[in-house]
Amino acid sequence: MSIPRNWRTRQQRYSLKAEVCNTCGNTIFPPRDVCPHCAEQKQSWTNLSGRGEVYSYTTMYNAPSGFEEYTPYTMALVKLSEGPMLTAQLTDVDGNGVAIGMPVEMVTRKLTQDGDEGQILYGYKFRPLLRQAV
Amino acid sequence: MRDVVIIGIGQTPVGEHWDKSLRHLGHDAVMAAMADAGIETAGALYVGNMLSGQLTGQEHLGALIADFVGLRGIEALKIEAACGSGAAALRVGVMAVASGMHDVVLACGVEKMTDTIGGVTTAALATAADQEYEVSQGISFAGLNALLMRRYMHEFGMKHEAFAGFTVNAHRNGAHNPYAMFQSPVSEAAYLKAGMIADPINLLDSSPVCDGAACVVLAPADRFRDRARARVLASAVATDCLAMHDRRDPLALDAVALSSQRAYAQARVTPADIHLFEVHDAFSIMSALSLEAAGFAPRGAGVRLAMDGEIAIGGRIPISTMGGLKARGHPVGATGVYQVVELVQQLTGQAGANQVGGAALGMAQNIGGSGATVITHILSAI
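For the protein sequence lines, the chains are A and B, in the order given.
Counted the way this note's numbering counts, the first sequence spans residues 1 to 134.
Counted the way this note's numbering counts, the second sequence spans residues 1 to 382.
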């Protein structure tokens, strides 16, 4: 991914910066100018908790270029607690330890790298929700 | 609006054409269709293609192929809608003839996928999905479909082997299609043993990477009644959001439902009237979800049609009758035109061992991406 393209989406990649529609109240991620739920155009910024649950998952054995060295890795559809769903890698767990409905939380990790000398792309992945220390 | 008929068809065998370039494949299909129609020129050529810019470094296919088939000077455009590009070119051709803008129109689909190596092709195909929020995370097209399949199995309590019927049916039919990439049957045991691509999707759940081109010649019914091979009763497009995670319900394929309903309304038919359905079986799960969203089975019951043999030739709704994307092959931007060429074969009684008895009404559905563009055509026998 080009440097400017990565830079434009940094707030989403690093901190899940989202929007709330001023008209219908739905949370929108990633942000867009027209609400996909009610087609109105006024939104406010909001922060997401980064918590959600696994809606579906797959272990990838055949990766697109840029991701070959990580195979096998697990991708998931994560349903965020605020409503939106997103596509992300799961980390700190292998495919056998994943189940639909499993609670997960967002962490920032390396996604890929543009060749040997290009930029490193960081972004969100999700890991099984850690139990709080007593 | 004028009624539109198909007066000629052409196709190349689907496969790994090391000896043929993109332009040669397009040429072979267009020349075959023109010869079949008995025409020497056309008002316009619409070329459906998805990947030429990425895999061949060649765009601008309208002019390229028009020149290469000896039609330098005519209107010619490339039409792109990801894996739905072939049917999109056909859709544009139908509009051109129906509107009276052109009389004879060539709608061609062509794809060259085997000049590059696996990871590059996989990444190119993934451009049909949302680059910034799906692909950049490391997902592939097989991966997206695997997410759907896993969720489907979870919601409806299905095991992976329940999908075997789709693969077995497609390969049984492909075995009798001389243009198919794979011309031998596949057993259920082989399906269960195939290597994993993106769990639970294995190699035999997936359509192959391949090359191919197909073409149909469109013309107004009133002026070409004597040469008409099939009538285009419906041509409908519907869209949904690109990213699967943004869908109202990822398992519902809303654009399939919308596109099908628009096509049924145009043709004044219901799913019960359709004799065969060339479904977009890029992955087994897409067959199940398409059968459901298009109205052939209730939600969660699409797989039952495969388990009960209802999708076979002679069954209630035969699908992938010439092998489908799975066995004929899926040269992505050409697929939508192959589907319609095969419908014409069926409706004119020229499908050989795969002939659906009494086929008079057929439907073809071509899908771009994981369901963001869905193009449905319904054809009737003359």
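Cβ coordinates follow ideal geometry from the N, Cα and C atoms, glycine included.
Residue i in three-state terms, based on DSSP
i              : result
N173 (chain B) : helix
F166 (chain B) : helix
V34 (chain A)  : coil
M106 (chain A) : strand
L86 (chain A)  : strand
P271 (chain B) : helix
L276 (chain B) : strand
L343 (chain B) : helix
E188 (chain B) : helix
G123 (chain A) : strand
P13 (chain B)  : coil
F29 (chain A)  : coil
I382 (chain B) : coil
L291 (chain B) : helix
M153 (chain B) : helix
G368 (chain B) : strand
Y179 (chain B) : coil
F296 (chain B) : coil
Q43 (chain A)  : strand
K79 (chain A)  : strand
H27 (chain B)  : helix
T128 (chain A) : This sequence places Pro at residue 128 (chain A); Thr is not what is there. Of the three classes helix, strand and coil, the one that applies to P128 (chain A) here is strand, per DSSP.
I7 (chain B)   : strand
F141 (chain B) : helix
K326 (chain B) : helix
Test item: CB-CB of residue i and residue j under 8 Å
i              : j              : result
Y61 (chain A)  : T71 (chain A)  : yes
G70 (chain B)  : A37 (chain B)  : no
V232 (chain B) : V4 (chain B)   : yes
W45 (chain A)  : E82 (chain A)  : no
Q365 (chain B) : S287 (chain B) : no
A63 (chain A)  : G195 (chain B) : no
K112 (chain B) : S206 (chain B) : no
Q12 (chain A)  : P30 (chain A)  : yes
V237 (chain B) : T127 (chain B) : no
D211 (chain B) : H17 (chain B)  : yes
I311 (chain B) : N145 (chain B) : no
V337 (chain B) : L90 (chain B)  : yes
A98 (chain B)  : I74 (chain B)  : no
Y124 (chain A) : L147 (chain B) : no
H171 (chain B) : A327 (chain B) : yes
L269 (chain B) : P318 (chain B) : It should be pointed out that residue 269 (chain B) corresponds to Val in this sequence rather than to Leu. Against a cut-off of 8 Å, the Cβ pair of P318 (chain B) and V269 (chain B) comes out as no contact.
S136 (chain B) : L121 (chain A) : yes
L48 (chain A)  : L80 (chain A)  : yes
Cβ-based neighbour list, residue i, same chain, cut-off 6 Å, excluding 5 preceding and 5 following
i              : result
G309 (chain B) : G315
A297 (chain B) : L291, L305
C35 (chain A)  : C21
F156 (chain B) : G300
T116 (chain B) : L55
A76 (chain B)  : L45, G62, A63, A66
P271 (chain B) : G295, F296
L13 (chain B)  : Checking the sequence, you will find Pro at residue 13 (chain B) rather than Leu. Once the five neighbours on either side are set aside, the close Cβ partners of P13 (chain B) are Y179.
A351 (chain B) : Q345
M363 (chain B) : I274, F277, I378
Cβ-based neighbour list, residue i, same chain, cut-off 8 Å, excluding 5 preceding and 5 following
i              : result
F67 (chain A)  : M60, Y73, T112
R229 (chain B) : V5, I6, I7, G8, I9, V344, L347, T348, I382
V93 (chain A)  : T74, R127, P128
A190 (chain B) : L204
R151 (chain B) : P250, L251
C24 (chain A)  : C35, H37, C38, E40
Residue-level contact to chain C via CB, residue i, 8 Å cutoff
i              : result
A126 (chain B) : In the displayed structure, chain C is absent; the protein chains listed are A and B.
Cutoff 7 Å; reference residue i; Cβ partners in own chain excluding five residues on either side
i              : result
N354 (chain B) : N173, H176, N177, I313, T321, M322
A33 (chain B)  : G8, I9, G10, L106, C215, V216, V217
H280 (chain B) : M286, S290, L325, Q365, N366, I367
L203 (chain B) : A194, G195, I197
A252 (chain B) : A293
L242 (chain B) : A129, D130, G369, A372
V104 (chain B) : I39, A42, G43, V217, A219
E342 (chain B) : E278, T321, M322
M102 (chain A) : E53, V54, P128
M50 (chain B)  : E80, A82, C83, S85, E111, V332, G333
Residue i CB to nearest heavy atom of the ligand SAM below 7 Å
i              : result
R231 (chain B) : Among the components of this structure there are no ligands whatsoever, and the ligand SAM is therefore not found.
Notebook entry, point to check: Counting Cβ pairs closer than 8 Å, one from the region 14 to 29 of chain B and one from the region 82 to 94 of chain B, do we hit at least three?
Noted result: Short answer: they don't touch.
Next item on the list: Note down, one range per segment and in chain order, each beta strand (DSSP E) of at least 3 residues found wholly within the region 198 to 257 of chain B.
Entry: Entirely contained in the region 198 to 257 of chain B, the beta strand (DSSP E) runs reaching 3 residues are, in chain order, 212 to 220, 230 to 239.
Check: Can you list, in chain order, the stretches of the alpha helix (DSSP H) that have 4 or more residues and sit fully within the region 39 to 117 of chain B?
Finding: Runs of the alpha helix (DSSP H) inside the region 39 to 117 of chain B: 61 to 68, 85 to 98.
Checklist line | Three CB pairs or more closer than 8 Å across the region 57 to 66 of chain B and the region 130 to 147 of chain B | finding: With a cut-off of 8 Å, the region 130 to 147 of chain B and the region 57 to 66 of chain B do not count as touching, because too few Cβ pairs lie within range.
Notebook entry, point to check: Is the number of C-beta pairs between the region 90 to 104 of chain A and the region 180 to 193 of chain B that are closer than 8 Å three or more?
Noted result: Cβ pair count under 8 Å is below three, so no.
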